[in-house]
Amino acid sequence: MSKASKNSTSTFFFDGRLTPAIRRKLQEKRRQIGLPYQLIAKFFGVNWSTFRKWELGPTEVCELSVRPRLEAFMKGEYDVQLRGLVEARVCRNYGSLVPQEVLLCLERVSNAYRLCHERPDLRDSMVKNIDQATIEAMSKLISPAGSRPAPGDGQP
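Below you can see the structure in the form of structure tokens.
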């Protein structure tokens, strides 16, 4: 491969348009680092829903003032700094007791709950389902393997 073609493939330029490829790159980078929407949004000085719209739509173009920082984010220039924020947040809030994937799950549930603010029925259903899943998981952990009813035997 020639020097010119190497440079052209490694060069990344962001013109502010949030194309499907750019949206994927934003989401992949945020998830790779383990950033919840609230934390990445605070880093960029925007609302969490703004960053979510950059990733998922409907926003098509970001503000001019944010473009250089978004480009640097996608290039990985802030990775070390952002990982430090994530680690500090986890240690401050939970110490090392809760794994990162659990924290991300909690963040997703929290975001979904907030998005359902106009649908209390969905909120109630979500909480009920989470409670039920937690109860089932805990009962499997504390019940001896032989004392649990077999799946489909009609036991409640």
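Residue numbering for the sequence shown follows this note's numbering, starting at 68 and increasing by one per position. We treat Cβ as the ideally placed atom computed from N, Cα and C, and that holds for glycine. Bear in mind that the values here come from a model prediction, so they are computed numbers and not experimental data.
Nearest residue (CA-CA) to residue i, options the options
| i | options | result |
| --- | --- | --- |
| PRO125 | SER116, SER132, PHE110 and GLN99 | SER116 |
| LEU170 | ARG90, LYS96, LEU106 and CYS183 | LEU106 |
| GLU130 | PHE111, ASN196 and GLY143 | PHE111 |
CB contact flag (residue i, residue j, <7 Å)
| i | j | result |
| --- | --- | --- |
| ARG150 | ILE100 | yes |
| MET141 | LYS109 | no |
| ARG119 | TYR104 | yes |
Alpha carbon of residue i to alpha carbon of residue j, nearest angstrom
| i | j | result |
| --- | --- | --- |
| GLN199 | SER210 | 16 Å |
| CYS172 | TRP121 | 21 Å |
| ARG98 | LYS207 | 30 Å |
| ASN74 | VAL147 | Reliability fails at ASN74, whose pLDDT of 41 lies under 50, so the model's placement of it is uncertain and the value that follows must be treated cautiously. Each residue's Cα considered, the two are about 24 Å apart. |
| GLU127 | VAL113 | 16 Å |
| TYR180 | ALA139 | 31 Å |
| ALA204 | GLN167 | 19 Å |
| ILE202 | LYS195 | 11 Å |
| LYS96 | GLU154 | 16 Å |
| LEU102 | ALA88 | 19 Å |
Beta-ladder partner(s) of residue i, from DSSP
| i | result |
| --- | --- |
| ARG84 | VAL128 |
Q: Spell out a yes or no on whether the segment 82 to 97 and the segment 126 to 134 are touching, meaning 3 or more CB-CB pairs, one atom from each, closer than 8 Å.
A: Between the segment 82 to 97 and the segment 126 to 134 there are three or more inter-stretch CB-CB distances shorter than 8 Å, so the stretches are counted as touching.
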